[in-house]
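This note's numbering numbers the first residue of the sequence shown as -5 and each following residue consecutively. Glycine is no exception: its CB is placed at the ideal position from the N, C-alpha and C atoms. Following: one structure in C-alpha cells, then a few remarks.
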Amino acid sequence: SSMPLSLGGKRTLADNYQSKRFNSPNDIIQRSSGDYYFTDPYYGLPEEKDTSNDKISGVYRLSTDGNVTLLISNLLPNGLAFSPDEKILYVGQSDPNKPLIMAYPVNSDGNLGKGKLFFDAAPLIRLAKKGAPDSPDGMKVDKKGNLFTAGPSGILVISPEGKLLGKLETTQPTANCAWGDDGSTLYITASEYLCRIKTLTKGVGF
C-alpha cells in the first residue's frame, strides 16, 4: 500500500496475482523506473495455514501502470536488492537446506534473465552459533556494489564478485539493515535491539 499523507490515508497498489491473493509480502525495493520488486514467500503467516499445492512463493514486479508480473517462482525468497547500476537483482533464499543468494540480470524492460548462484551461505551457517538465522535475510548495497546482508549472527559483506569480504558481528540473529544519516551509517535490526555502525562506505542513493 502507498500512504499519501496529504490525503490522510492509504491505498492498495496490489493485493493479488491472477486473482489469487498474495501470501505474506516480505521485502520490497523500487527501481529508478518507478517499478516495485517484492518477495512474497508462503512461510510468513503460519497462523493462516494453507495446505494447497498451488501456493506460489515468488518474486514479483509491480509496474507503474499497476500490472503485476511473476518473475521468479522457484525460490523461497526473502531479501532483495539491486546493484548500483540496477543491472543485477540479488535475491536471498530463506531455505535452511539451500541458504543461497541468487543474482539475476535485469533486462531493459524490467524483466529478469536467467539467474545464477551468487553466494552460498551454507558453510557459514554450519559454523554459526546456536540460535543464528538459517539463511540470508534483508540486504542493501553500497556505492561500490558490495552487498550487505543479514546472515548468521550478523551482517555479511560480499563483493560484487560473490566473495565474502567480512562480517559485522552482532551476537544475535539479524533480520534487516538500512543505510541512514549521511549514507555511511548502517542500521541493523537484531532479535532484541536496533543497532548502528559507522562504515567507510556509503549506500546507493547518498
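Can you find at least 3 beta carbon pairs, one from the segment 170 to 183 and one from the segment 53 to 60, that sit closer than 8 angstroms?
no
Just to confirm my understanding: we take Asn10, look at its own chain, exclude 5 residues before and 5 after, and list those with CB closer than 7 angstroms. What are they?
The count along the sequence shown starts at 1 and reaches residue 10 at position 16. Around Asn10: Phe16.
Tell me the DSSP bridge mates of Asp136?
As a position in the sequence shown, residue 136 is number 142, starting the count at 1. Per DSSP, Gly197.
Of the listed residues Ile95, Tyr84, Val151, nearest to Thr193 (C-alpha basis)
The residue you call residue 193 lines up with position 199 of the sequence shown. Nearest option by C-alpha distance: Val151.
Going by the CB atoms, is the gap between Pro130 and Ala115 shorter than 7 angstroms?
Sequence index remark: in the sequence shown, residue 115 carries index 121 (1-based). Sequence index remark: in the sequence shown, residue 130 carries index 136 (1-based). Going by C-beta atoms, Ala115 is nearer than 7 angstroms to Pro130.
Please state the DSSP three-state secondary structure of Leu118.
Here residue 118 is taken as the residue at index 124 of the sequence shown, counted from 1. DSSP places Leu118 in helix when its eight states are reduced to three.
In terms of alpha-carbon separation, which member of Asp175, Leu159, Tyr84 lies closest to Ile95?
By one-based count along the sequence shown, residue 95 stands at place 101. Nearest to Ile95 by alpha-carbon distance, out of Asp175, Leu159, Tyr84, is Tyr84.
Own chain residues within Cβ distance below 8 angstroms of Gly199, not counting five before or after:
Counting from one through the sequence shown, the residue named residue 199 turns up at place 205. Excluding sequence neighbours, Gly199 sits near Trp173, Gly177.
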